[in-house]
Amino acid sequence: MLNTDKIRADFNILTQKDGKTPIYFDSACMSLKPNKVVEAMNDYYFNYPACAGRSSHKLGDKVTKKVKETRQLIAKFINANNENEIIFTRNTTEGINLLANSLGLRKGDIVLISNKEHNSNLIPWLLLRDKIGIAVKIIPANKDDSFNLNNFSELINGVKLVSIVHTSNLDGVTNPAKEIIEIAHKNNALVFLDAAQGIPHKKIDVQDLNVDFLAFSGHKMFGPTGTGVFYGKYKLLEKLEPFIVGGDTVEFSTYEDYKFLPIPEKFEAGLQDYAGIIGLGEAVKYLSQFDFNDIAEHELKLNAYITTELQKIPQIKIIGPEDAKDRTGIINFYIDGADMHKFAIMLDEMANISIRSGQHCVHSWFNSKKIFNSARVSLFLYNTMEEAETFITNLNKIIKIL
Amino acid sequence: MPCILALIIFGILGIFSASHRALAKEAFSCVFRRITFRPCNTGFQEKIKGKILSKLIARSTFLAKMVNKHYEILSWIFFILMIGSAIWVIRGGYNFYVYGSCNGLNASGFCAFDPSGENNKVTPLGDGSSCGITQKTEKTVTLNNIDLSSFPTQDIKSKDTVVFIGCYACDYSRKAYPDIQKLIKNKEANYVFAHYPAKGDTTFLADIGYCVYKDYQDKYWDFNNYLFTADKNFVLNKLNANKILESFNFDVKKINECANSAKTKKAVENQVKELNKTNIYGTPTIFINDKAFVGPKPYRVYRSAINKFIFF
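Going down the list, the sequences are from chains B and F.
FYI, the numbering for the first sequence is 1 to 402, going by my numbering.
FYI, the numbering for the second sequence is 1001 to 1312, going by my numbering.
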């Protein structure tokens, strides 16, 4: 069981004494940062702000060592086969674009995606469709928008890549990744998992899943903004062409020729965000101290309370399954005809409650359902039942004036 | 509609505050989309509405509910009120520029640009009290059917004519005097001067002035200039009259005989009677091409009258 008081003490923003501590319910967009993460980044900038991998002085060595440590930590965190399968990116979006532009897709190749993909896992494929003529197919979902394995099985034949979200930022539903991967592999399709939303809340074991590629962002898992990870099975990574090339990606070059460095360097062009990578390592260490079952239990308790209270308000419709246990830490709701931005602004003004409103970068889903927008509460291990109660109290006040 | 309202309000506030400037930009984006027949997708309207409602809800749920329900109508009402008040402010600004008062020509109501009413203060006629303390009811002051032929005149055959009715003893006349001199010089206007003994015993100066103009027309304007610009206490003291005349090399005896003659007294009396026909209620009163300006206006007001900036 989580000790939220102790956890909250690790976050500067949650220990404000001026009564302005936010009730932060927007962790699906961006998690708060533990002090240790910020301190680790400051330590880099204050004490050894050098380059990794290319300078032979002591400061450079220290950065190289720290970056390597982070790579090892992440490899261990997702149980990668070896640390070289970990490629640092700026975020999940960059990871997906790396894959889309490196996989060597050709005209007629089929990419299969779900009906509630983030724009980051939709637009790169649509762009390739327009540029080189790949086919992008959408897997029809169940009535409650959960993943339909039968529909998937019917469409999988001849598919080159299944690119699918692990846990949806729209409704918090986690797709049956293991089954999807099994079916895909039986049909010779590769599988990419967008784990941006899943990795902070669920244990992801890439070997157990047998996933081919996976990407996630640092900023949703206590890490700094502008950090992300792209994972790929080593043998598959060897076949990928680099997406961005230049400094630090080649072993040597002449005016006529060049030779790429081995993986992962050949995918990490240019000077990296060392402070961010070091901060990400600290974030992984921080997250690793918790049992994911405890995190899930904590989020479910709060989600169940909020869900129950929202279900008492007839105008409110929750996106996704009714049962909180199917939606991890996300409660996304809307009211027909209402602009949910207003709710978010009012909650912020009234009680310092930060929730996200809009279409959450899943415009395609909203447009297909003809829903204008929604308000999303996303929970994490630092949220408390008191905060959930304050949210419900204030939401009820707003409902009264509608 | 709330977008337009917000654009105007935040646009004005944005002149002074960077945070409001950002809101003004958002409002502009929203307005631009609306006038190009696209929906406002910036969430700006809801943002403003949300901020307003969250303040209201803390005080009264009922009030918040009403505002939420009638937000568009309320926005229209405020928009119309704002446009109305904006027009009023612009009108006030125009009036202040061309008349020296927000409320129009010689109007004495409160004017934010001239809060102490300096531009409308006059020396009231008839009560002999000190300068500029009281204001009388405005009347229609006019030069129609007024015979100005007996008053000192500089006729340079200009199309513009300035008639200055002032009192040597009145601070407000003395304040306006230099501007009027500047005006007639710069704008090459015909000029008529009339002394109206509004305050204290200044009739003796009217008598002397009448005689000086009669006998020394070429030096009269320097003499008159002296009476308005020299130390007031010295000028208004009867005992100093001869010294002043001497300083201009006038024939003091001749001027005194003229000033004390019954003929002169009658002529000056007739002049005052003629001035009273203008419905004058205080000094200075300045006619510029028949338009009356009561009180010491800023120079730009007189200049505007000659330049025909006055449209209403």
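Quick reminder that beta carbons are idealized off the backbone N, C-alpha and C, glycines included.
Being a predicted model, the structure only gives us computed values, none of them experimental.
For Ala1292/F, the enclosing beta strand (DSSP E) stretches over residues 1291–1294.
Not flagged as an interface residue toward chain F: Asp26/B, since no C-beta distance is shorter than 8 Å. In the structure shown, the three-state DSSP call for Ala196/B is coil. Residues of chain F whose Cβ lies closer than 9 Å to the Cβ of Glu389/B do not exist, since the nearest Cβ in that chain is about 18 Å away.
Residue-level contact check: Lys1187/F does not touch chain B, since none of the beta carbons of chain B fall below 8 Å from its beta carbon. Contact of Asp336/B with chain F is not assigned, every C-beta pair being separated by 8 Å or more.
DSSP links Asp26/B through a beta bridge to Ser378/B. Near chain F, meaning a CB-to-CB distance below 7 Å, the residues of the stretch 333–358 of chain B are Asp339, His341, Lys342, Ile345, Met346, Glu349, Met350. For Ala1305/F, the closest alpha carbon among the candidates Tyr1099/F, Ile1073/F, Asn1186/F is that of Tyr1099/F. Between the stretch 244–264 of chain B and the stretch 195–215 of chain B there are fewer than three C-beta pairs closer than 8 Å, too few to call the two in contact.
Counting other Cβ atoms within 10 Å of its Cβ, Asp18/B stays below 16 and is therefore classed as exposed. DSSP places His363/B in the helix class (H, G or I) of the three-state scheme.
Taking 8 Å as the upper bound for CB-CB distance, Gly329/B and His201/B are in contact here, some 6 Å apart. Positions of the alpha helix (DSSP H) runs, each at least 4 residues long and wholly inside the stretch 127–160 of chain B, are given as 149–155 in order along the chain. Each residue's CA atom was taken as its position, placing Leu310/B and Gly1050/F some 20 Å apart.
Ala1058/F is classed as exposed because its beta carbon has fewer than 16 other beta carbons within 10 Å across all chains shown.
Counting only residues of its own chain and dropping the five nearest sequence neighbours on each side, Gly223/B has a CB closer than 7 Å to the CB of Val37, Gly279, Leu280, Ala283.
The beta carbon of Leu1053/F falls within 8 Å of a beta carbon belonging to chain B, placing the residue at that interface. Considering only Leu240/B, Lys131/B, Ile183/B, the residue with the shortest C-alpha distance to Val191/B is Ile183/B. At a cut-off of 8 Å, the C-beta of Lys1121/F has no neighbouring C-beta in chain B. Rounded to whole angstroms, the gap between the alpha carbons of Lys397/B and Ser1054/F is 10 Å. Val1162/F is bridged by DSSP to Tyr1191/F, Ile1288/F. Residue burial is scored here from C-beta neighbours: Tyr286/B has at least 16 other C-beta atoms within 10 angstroms and is therefore classed as buried.
Counting the other Cβ atoms within 10 Å of the Cβ of Ile180/B gives 16 or more, which makes it buried. The C-beta of Ser1075/F has 16 or more other C-beta atoms within 10 Å across all chains shown, which makes the residue buried. With respect to chain F, the C-beta atom of Ile134/B has no partner C-beta closer than 8 Å. If you check the CB distance, Phe333/B and Ser364/B do not come in under 8 Å. From the beta-carbon of Ile1057/F, the residues of chain B found nearer than 8 Å are Met346, Met350, Lys397, Ile398, Ile401. Under the three-pair Cβ rule at 8 Å, the stretch 1079–1087 of chain F does not count as touching the stretch 1017–1033 of chain F. In the DSSP annotation of this structure, Asn188/B is not part of any alpha helix (DSSP H), being labelled neither H nor E. Excluding its 5 nearest sequence neighbours in each direction, Leu155/B has C-beta neighbours in its own chain below 8 Å: Leu112, Lys137, Ile139, listed in chain order. Ranking Asn35/B, Gly198/B, Pro262/B by CA distance to the CA of Phe292/B puts Gly198/B first. Interface annotation for the stretch 1092–1117 of chain F against chain B: empty, criterion Cβ-Cβ distance under 9 Å.
From the listed residues Leu149/B, Pro242/B, Lys116/B, Thr227/B, the smallest Cα separation to Ala100/B is found for Pro242/B.
Residue range 1217–1229 is occupied by the alpha helix (DSSP H) that includes Asn1224/F. Thr92/B is the residue among Leu128/B, His219/B, Thr92/B whose C-alpha sits nearest the C-alpha of Val165/B.
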